[in-house]
Each structure stands twice: as C-alpha cells, then as structure tokens.
Amino acid sequence: MSISTCPPTPVNESARLAALRSYGILDTASEGAFDDITRLAAHICNVPISVVNFIDSGRQWFKSEIGLGVRETPLAPSICAHAILQPDLFVIPDTLLDDRFAKNPLVVGNPMLRFYAGAPLLTTDGLSLGTVCVLDTIPRELSDQQRDALRALARQVMAQLELRKSLHAAERSAQFRKRLMASLGHDLKTPLRAASYALHRMGKSIGADGMPHLEKAQAALEQIDSEFNAIVAAATADEGAPDATLFPIAEVLDHLASVWARTAAAKRVRFSYVRSSAAVSSHPILLSTIVGNFLSNAVKYAPGGRVVLGVRRHRDSLTIIVADNGIGLDDQQSSHLFDAFSQTDPQSEGLGLGLWIVGRTAALLGHAIDVKSRPGGGSIFGVTVPMVRDGDASTSRQ
1 MSISTCPPTP VNESARLAAL RSYGILDTAS EGAFDDITRL AAHICNVPIS
51 VVNFIDSGRQ WFKSEIGLGV RETPLAPSIC AHAILQPDLF VIPDTLLDDR
101 FAKNPLVVGN PMLRFYAGAP LLTTDGLSLG TVCVLDTIPR ELSDQQRDAL
151 RALARQVMAQ LELRKSLHAA ERSAQFRKRL MASLGHDLKT PLRAASYALH
201 RMGKSIGADG MPHLEKAQAA LEQIDSEFNA IVAAATADEG APDATLFPIA
251 EVLDHLASVW ARTAAAKRVR FSYVRSSAAV SSHPILLSTI VGNFLSNAVK
301 YAPGGRVVLG VRRHRDSLTI IVADNGIGLD DQQSSHLFDA FSQTDPQSEG
351 LGLGLWIVGR TAALLGHAID VKSRPGGGSI FGVTVPMVRD GDASTSRQ
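In this note's numbering, the protein residues as written are 1 to 398.
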C-alpha cells in the first residue's frame, strides 16, 4: 500500500469552509472557556498534548493547545484533517502501525507522535469543522469513559461556537434595529401627528352625535403613539445608557392618564390621576414605556375595580405609583415578574415581554423598580426617578 501524508479533501469542502468562517473563530485570541476544555481533555485522557483545532484551507489552526507551543501548522501532515472525515471519534492507538501515518513527519520527527484520538466538531448540518484531540508520544488506548468524555468536550466546543455566533447575530440585529427605528421615527410619527391634528380640526365642526366616535378615534391614535414609543424603547434597550433630560413629570403622566382613562372606562375600571408639578431627570419616552406598562397591567388585572396613578415625593427623588385593587400576585409570581416570557395569566394576550422590557429599561436608566402585591389584595408598582427641583404640589382628579 502506498503511503501518503496528504489528507484527502472532504467532498463538501466548500460548504464546510463556509460554515467554519461563519463562526468568526479563526485567528481569534485565546479564551479561558476553550483553554479549560484542552486542560480537561489532557487530564481525563492522561496525555501531554491536547488541542482544540480547526481545519482551514491549507492549514490547521489551534484555538487552544497544550504541549505543542504553536498556534497553527501546515495541513499536509495534519492527522486531524483525516479525523474530520470520520463521523465519530477517530483513534489511532499506534501511529507507526498505521500506513497513513507511519512516515508522517510529525511521527518520525518532532514531536514524535505515537498516539492520536480526535472527536469531530460537528455542526447541526453534520459539517466537521475540526476536532478536540489528544496526543501522546507513546502508544496507548482510551477507556470507554475517556472516549465519551472527548465526545462531550467536542459538544461543549460547538456550544461555545453557537453562543459566539448568536451574540454576533444579536449585535448585527441591534445595529439594524437602531437604523430601522430611526427611520420609523420619522416615517410613522409624522403621519400620526397629521392624523391627530386633522381629528382635532374636525372636532370644531362635528355634531354632538359624532363626537363619541371622534373621541374614540383620537384615543386610538394616542394608543398607537404610546405603543410605538414602547417599541422604540424595546429596540434601543441594549444600546447603552440614554441621555437624561430635565422635564416636568406631568409631561409624561398627563398623556398617559389621558390614554388610559379612556381604556379603563371601556373596561369599567375607575381611574384616578393625582397630578404633580415636580420636575425629574430621566428619558421621557423610556419612562413613559415603564409607567405605561404598569398602567396596562393594572387595568387588565383589575376588572370592575380601581386604578390610581400618582407620585410620592422623597428628598431628592420621586416615585411614580400605579396602584390597583385587582387580583394581585403571590410570592412565586412576584419573583418571576420581570423574566422574559413570564405571564401572570398564561391565557392572556401577548408574549409576556412587557415587564421584562420594563426591567431592562429601568436598569438602563438607573431607576429602581418596586412591587408590592398579595393575592386578592391588589398591586402597587413604583419606579423611582431623580427629582431635580422643587415645585408646588397641585392635584386634580380625572
């Protein structure tokens, strides 16, 4: 049998290389997560050499290595380039007894490899990117437990790669989302304002019979505007802390009270609003998202009850309060309230992301959230914001 050290080219080489490069792993710096895997592999298999490697075009590159001292080698003498052709663990107990490797320069010369075992790094499509492999300078065998451990470590490498890929995709998505929301901010807010202005003009000439319909249309536009602001807040929640501005809290709460008073009335919920003249330091749109979500839940879970929107002043801060006498929450529900996809009522509409967005938005703004609730005893939601100047307190009821 002729002896060749050159590994055959995989039949799916183009797709395999495209998959490898899609992970963005090649030529990156050493990372503890991968170094832990090579250390574990060497320890479990009791060998001096262990690597996490990837088979690139014309080279094999090591993301992590123990016992070699190099980050890449040419592809021609690579044993791992043979291993990626195998569907499972590839083991060579003694390289001198295998015609494929008996004259390999890595076997007959330094580092004089006599043993090899490599578990392929397989994508979900079955493409092999490289291996987690262990090597020794003496012949040996692996136990079944050691073989299983190598396979498990290879799966962990792939889990790390998938996480890296997901994070990169999320970063690209956030950049696209930012551009999209900037465009929507111009393209959608402008017609909303125009429609609201047109309805306002109609109110001067419409008869008494048509006024209720006009008010419903105005309320619907206000609700769309509020929901749009919430979408903007969700889309920008991971882009860094926004710049705070100084504004009267009434600028946010008056609008929310107007919108939710109508919604509450439609659901036969009594709605009260205690107005404040204080000024705060925050981001008005993001703060509106937080309080609007509190109001949405209060109206939803207090059918036939009462909802109050107001504030509580402290020395240097102000807490915006939304209180209801609805169904309330038990301790378990409260502990998972701000988790993604968490819903108090599994049958309710939506994906359970509202309070998750609230939690992330509040953290972004540096505002504390407080929740007090008990089953059957209603709930009190509060968000505390910095108060920047004193103002004469005035109250009114709606």
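Glycine included, C-beta positions come from ideal geometry on N, C-alpha and C.
Measuring CB to CB, does Leu365 end up less than 8 Å from Ser258?
Ser258 is positioned such that its CB atom lies no closer than 8 Å to that of Leu365.
Selected residue, minimal CA-CA separation from Arg100, among Pro8, Gly130 and Leu122
Nearest option by C-alpha distance: Pro8.
Using the C-alpha atoms, what's the distance from Ala41 back to Ala117?
Their Cα atoms are separated by approximately 11 Å.
Please go through the region 75 to 152 and give each complete alpha helix (DSSP H) segment of 4 or more residues, from N-terminal end onward.
Positions of the alpha helix (DSSP H) runs, each at least 4 residues long and wholly inside the region 75 to 152, are given as 80 to 83 and 105 to 108 in order along the chain.
Proximity winner among Asp125, Leu355, Glu162 and Ile25, relative to Ile290 (alpha-carbon distances):
Of Asp125, Leu355, Glu162 and Ile25, the smallest CA-CA separation from Ile290 is found for Leu355.
If you run the structure through DSSP and keep just helix, strand and coil, what is Ser317?
If DSSP states are grouped into helix, strand and coil, Ser317 belongs with the strands.
Within 10 angstroms of the Cβ of Val108, are there 16 or more other Cβ atoms? Answer buried if so, exposed if not.
So Val108 counts as exposed.
I'd like the list of long-range same chain contacts for Ile44, defined as Cβ closer than 7 Å, with 5 residues on each side in sequence excluded.
Cβ neighbours of Ile44 within its own chain (closer than 7 Å, five residues either side excluded): Gln146 and Ala149.
Taking the CB atoms as reference points, tell me whether Val24 and Ile49 lie closer together than 8 Å.
Here residue 24 turns out to be Gly, not Val, going by the sequence shown. Not a contact, by the Cβ cut-off of 8 Å.
Tell me which residues share the same chain as Val91 and place their Cβ nearer than 6 Å to its Cβ, disregarding the 5 neighbours each side in the sequence.
If we look at Val91 and ignore the five residues flanking it on each side, its Cβ neighbours are Ala117.
Bridge partners of Asn437, per DSSP?
The requested residue 437 is not part of the displayed model; the chain covers only 1 to 398.
According to DSSP, is Val308 part of a helix, a strand, or is it coil?
DSSP, reduced to helix, strand and coil, places Val308 within a strand of the structure shown.
Reducing DSSP to helix, strand and coil, say where Pro8 ends up.
Reduced to three states, the DSSP call for Pro8 is coil.
Who are the near neighbours of Thr134 in its chain, counting only those whose CB is closer than 6 Å to its CB and skipping five residues on each side?
Per the sequence shown, residue 134 should be read as Val rather than Thr. Contacts found: Ala41, Cys45, Val47, Ser50 and Ala117.
Within 10 angstroms of its Cβ, does His314 collect 16 or more other Cβ (buried), or is it exposed?
Label assigned to His314: exposed.
Is it right to say Asn53 is buried, meaning 16 or more other beta carbons lie within 10 angstroms of its own, or is it exposed?
Within a 10 Å sphere around the beta-carbon of Asn53 sit 16 or more other beta-carbons, which makes this residue buried.
Span separating the alpha-carbon of Pro74 from that of Cys80:
Distance between the alpha carbons of Pro74 and Cys80 is about 11 Å.
If you follow the beta strand (DSSP E) that Asp209 is in, where does it begin and where does it stop?
No beta strand (DSSP E) contains Asp209, which DSSP labels as neither H nor E.
So Arg306 and Val269 are supposed to be a Cβ contact under 8 Å. How far apart are they, rounded?
Sure, about 7 Å apart at Cβ, within 8 Å.
Let me make sure I understand the geometry here. Which of Gly304, Pro375, Glu251 and Ala15 has the alpha-carbon closest to that of Pro284?
When C-alpha distances from Pro284 are compared across Gly304, Pro375, Glu251 and Ala15, the shortest belongs to Glu251.
Kindly identify the DSSP beta-bridge partner or partners of Ala169.
Beta-bridge analysis with DSSP links Ala169 to no other residue.
Does the separation of the CB atoms of Leu96 and Asp56 fall below 8 Å?
The Cβ-Cβ distance between Leu96 and Asp56 does not fall below 8 Å.
Backbone secondary structure at Asp35 - three-state DSSP
Here Asp35 sits in helix by DSSP.
Met158 versus Leu122, Ile138 and Asp144, residue with shortest Cα-Cα distance:
Comparing Cα-Cα distances from Met158 to each of Leu122, Ile138 and Asp144, the minimum goes to Leu122.
Bounding residues of the beta strand (DSSP E) (the contiguous stretch that carries Ser276)
Where Ser276 is concerned, there is no enclosing beta strand (DSSP E), given that its DSSP letter is neither H nor E.
Which residues does DSSP pair with Pro248 in a beta bridge?
Ala279.
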